[in-house]
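First the structure, in the form of structure tokens, and then the observations on it.
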Amino acid sequence: MNQSDRVQDLLDRRDIEDVILRYCRGIDRMDRSLIRSCYHHDATDHHGSFSGTVDEFLDWVFGLLARYTHSQHFVGNVLIEVEGDVAVAETYGIAFHRSEEDKPYLNLMTGFRYLDRFERREDGWRIATRTAVTEWSRVDDLAGRWETPEGLLTGRRDRGDALYALLSGLHEED
Amino acid sequence: MNQSDRVQDLLDRRDIEDVILRYCRGIDRMDRSLIRSCYHHDATDHHGSFSGTVDEFLDWVFGLLARYTHSQHFVGNVLIEVEGDVAVAETYGIAFHRSEEDKPYLNLMTGFRYLDRFERREDGWRIATRTAVTEWSRVDDLAGRWETPEGLLTGRRDRGDALYALLSGLHEED
Amino acid sequence: MNQSDRVQDLLDRRDIEDVILRYCRGIDRMDRSLIRSCYHHDATDHHGSFSGTVDEFLDWVFGLLARYTHSQHFVGNVLIEVEGDVAVAETYGIAFHRSEEDKPYLNLMTGFRYLDRFERREDGWRIATRTAVTEWSRVDDLAGRWETPEGLLTGRRDRGDALYALLSGLHEED
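In order, the protein sequence lines correspond to chains A, B and C.
Residue numbering for the first sequence follows this note's numbering, starting at 1 and increasing by one per position.
Residue numbering for the second sequence follows this note's numbering, starting at 1001 and increasing by one per position.
Residue numbering for the third sequence follows this note's numbering, starting at 2001 and increasing by one per position.
Set out below in structure tokens:
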């Protein structure tokens, strides 16, 4: 690749990684339209016991998310290969789920990989198909393990999260 | 954005992400001046039960860090939006704290987010305000859980850490 | 640095980070040639109780990996400094190891850092020396903690992993 192609590759990969990170933000803040914008209109998702269209996926995942009080979809290794208008992205993740209910299956950590086919179309790079692969899962008994921090600012799943005040300050200055 | 603006956006975001990573290195190696250099002179930090200026923050956080024998501030998702000379960065993290003392509260994992307002001034991109949001916290009983590896190279919080020999080799070659 | 040098620095750092991520993919999918390609021919690795050439390292690490049914080498903070044809990369990681055997030491999480000296030679940026530093290690009793998900797609350590079908679709389209 020459220098200019390599810069374009960097820009494409940055766009793709941003989609992956916005997806996580959308899940953890329960922002359905943000998640939806990460996928093409005809995208499919294969996720644990679920397989179907992205709109079916959204119904399914919001049903699951409602069982928890918090989630954090923490991603690390994002390895992307771009070929023209198609790309493959492998993303390593750990999801932390918490509930106020003292039930082990509502308080778990899961290691996973997202295997995504991205396509660049008129509305840019978005997910065409996603497959989530589970690597491991850990369910813990709770007594004395998880603590709800007192007196600390904690994350929220609505527009009251501190993120939104910060972002709205950014855009006011335009 | 045209290509040249998009490249500038990449460079800005790289600079901002570097500041976030240098902050983590500074905390984990207990390098006060490195942490200080991540903030503008008049920056503020809102961090757990603490809220104040960056210099007050440094006093507070070094008091906390002294209670542990190791820390690792592991960050993943870094989602940055730049608007001119202001940027908002949301960073997901997990902090691991370890002590040789067999006390649960000195051996904990915490999931958090850093919500940063960055500003570009004469000395470049630095944090203007930071808010740390706690997502979850886990305190474990210790027996048979944490191990101090024997015969392995372990991290240090002073210039004896293996990082510094490697970095000094890099700069000698200039 | 002027703009053009800064863009070159971005490209160099992207190449270096890709090597680090390909190494993790190689370890977790047990792809020996992929791991080998991350190192220069005369590279050395200092890794826990092991120290030697990269080929000796491969023999040693494949012996270890065979004891587990899964591994996930999850990396976050990657802080890279490039000086000409040499670079230092510090990478934070957490390794998850799982076995079907109910033995604590086969089911552990380890926090580490890779401290790498990279060199750019005719075949590009590769590792010249790697030192792995252990930060912490956690061995858990198993009952009721780790679960093998049923009915979920799980990761594999051979060409049957879902990654390879996705990648081969990408390259067919060339």
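Built from N, CA and C at the ideal position, the CB exists for glycine as well.
Rounded Cβ spacing between residue i and residue j (contact assumed at less than 8 Å)
i          : j          : result
Asp2131(C) : Leu1153(B) : Before going on, a small fix: residue 2131(C) reads as Thr here, not Asp. Going by Cβ atoms, the distance from Thr2131(C) to Leu1153(B) rounds to 7 Å, so yes, they are a contact pair.
Gly2076(C) : Phe1074(B) : 5 Å
Best match in the options for proximity to residue i [C-alpha to C-alpha]
i          : options                                        : result
Ala124(A)  : Arg25(A), Tyr39(A), Cys24(A), Met1(A)          : Before going on, a small fix: residue 124(A) reads as Gly here, not Ala. Measuring from the Cα of Gly124(A), the nearest candidate turns out to be Tyr39(A).
Met1030(B) : Glu1135(B), Thr1129(B), Gly1160(B)             : Gly1160(B)
Thr1134(B) : Glu1119(B), Ile1127(B), Tyr1114(B)             : Tyr1114(B)
Val2019(C) : Arg2120(C), Ser2071(C), Arg2138(C)             : Arg2120(C)
Glu100(A)  : Tyr68(A), Arg117(A), Arg22(A), Leu163(A)       : Tyr68(A)
Tyr1180(B) : Asp1116(B), Ser1071(B), Leu1106(B), Val1082(B) : The shown model of chain B, from 1001 to 1174, leaves out residue 1180(B), and the question about it has no answer.
His1046(B) : Ala162(A), Ala43(A), Glu172(A)                 : Ala162(A)
Cys1064(B) : Glu1017(B), Leu1106(B), Asp1005(B), His1171(B) : Just to set this straight, residue 1064(B) is Leu in the shown sequence, not Cys. Minimum Cα distance to Leu1064(B) is reached at Leu1106(B).
DSSP state of residue i mapped onto helix, strand, coil
i          : result
Gly1160(B) : coil
Ser1168(B) : helix
Asp1123(B) : coil
Glu1101(B) : coil
Leu2153(C) : coil
Gly144(A)  : Residue placement at Gly144(A) cannot be trusted, given a pLDDT of 49 that sits under 50; what the coordinates show is reported in the next sentence. Gly144(A) falls in the coil class under three-state DSSP.
Glu1017(B) : helix
Tyr2092(C) : strand
Gly26(A)   : helix
Arg2067(C) : coil
Asp1009(B) : helix
Ser1004(B) : helix
Ser1033(B) : helix
Asp2085(C) : coil
Cα-Cα separation, residue i to residue j
i          : j          : result
Leu79(A)   : Pro1104(B) : 37 Å
Leu1108(B) : Asp1102(B) : 12 Å
Asp9(A)    : Gln1008(B) : 15 Å
Gly84(A)   : Glu2122(C) : 26 Å
Ala66(A)   : Glu56(A)   : 16 Å
Phe2096(C) : His41(A)   : 36 Å
Asp2158(C) : Phe2062(C) : 14 Å
Phe50(A)   : Asp59(A)   : 11 Å
Arg156(A)  : Leu167(A)  : 15 Å
Ile1094(B) : Arg98(A)   : 15 Å
Arg32(A)   : Ala128(A)  : 18 Å
Asp1015(B) : Asn2002(C) : 14 Å
Arg2126(C) : Ser2037(C) : 8 Å
Leu2021(C) : Glu2090(C) : 13 Å
Ala2165(C) : Val86(A)   : 14 Å
Arg2138(C) : Ser1071(B) : 14 Å
Gly1144(B) : Glu81(A)   : Because the pLDDT at Gly1144(B) is just 49, under 50, the model does not fix this residue reliably, and the value given afterwards should be weighed accordingly. Straight-line Cα distance between these residues: approximately 42 Å.
Ile1027(B) : Val1088(B) : 21 Å
Thr44(A)   : Gly52(A)   : 6 Å
Ala25(A)   : Trp1136(B) : According to the sequence displayed, residue 25(A) carries Arg and not Ala. The alpha-carbon atoms of Arg25(A) and Trp1136(B) are separated by roughly 16 Å.
Gly1181(B) : Arg2013(C) : This structure cannot settle anything about residue 1181(B), because the visible part of chain B is limited to 1001 through 1174.
Glu172(A)  : Arg1006(B) : 21 Å
Phe118(A)  : Ser4(A)    : 22 Å
Ile2035(C) : Glu2017(C) : 14 Å
Val54(A)   : Gly1111(B) : 28 Å
Contact with chain B by residue i, beta-carbon distance below 8 Å
i          : result
Phe74(A)   : yes
Tyr2106(C) : Position check: residue 2106(C) holds Leu in this sequence, whereas Tyr was assumed. Not one chain B Cβ lies under 8 Å of Leu2106(C).
Within-8 Å CB hit, residue i to chain C
i          : result
Val19(A)   : no
Ile16(A)   : no
Ala1162(B) : yes
Val1007(B) : yes
Arg1113(B) : no
Arg32(A)   : no
Leu10(A)   : yes
Tyr101(A)  : Checking the sequence, you will find Glu at residue 101(A) rather than Tyr. Answer no: the Cβ-Cβ gap between Glu101(A) and chain C never drops below 8 Å.
Leu1064(B) : no
Arg1181(B) : Because residue 1181(B) is not part of the residues shown, which for chain B are 1001 to 1174, the question remains open.
Arg1067(B) : no
8 Å Cβ cutoff, residue i in contact with chain A
i          : result
Asn1077(B) : yes
Trp999(B)  : Here chain B has residues from 1001 to 1174 only, and residue 999(B) is not among them.
Gln2003(C) : no
Thr2154(C) : yes
Tyr1092(B) : yes
Arg1117(B) : yes
Ser1049(B) : yes
Thr1053(B) : no
Cys2038(C) : no
Contact test: residue i Cβ vs the ligand FAD heavy atom, cutoff 7 Å
i          : result
Arg1156(B) : The ligand FAD is not among the ligands present in this structure, which contains no ligands whatsoever.
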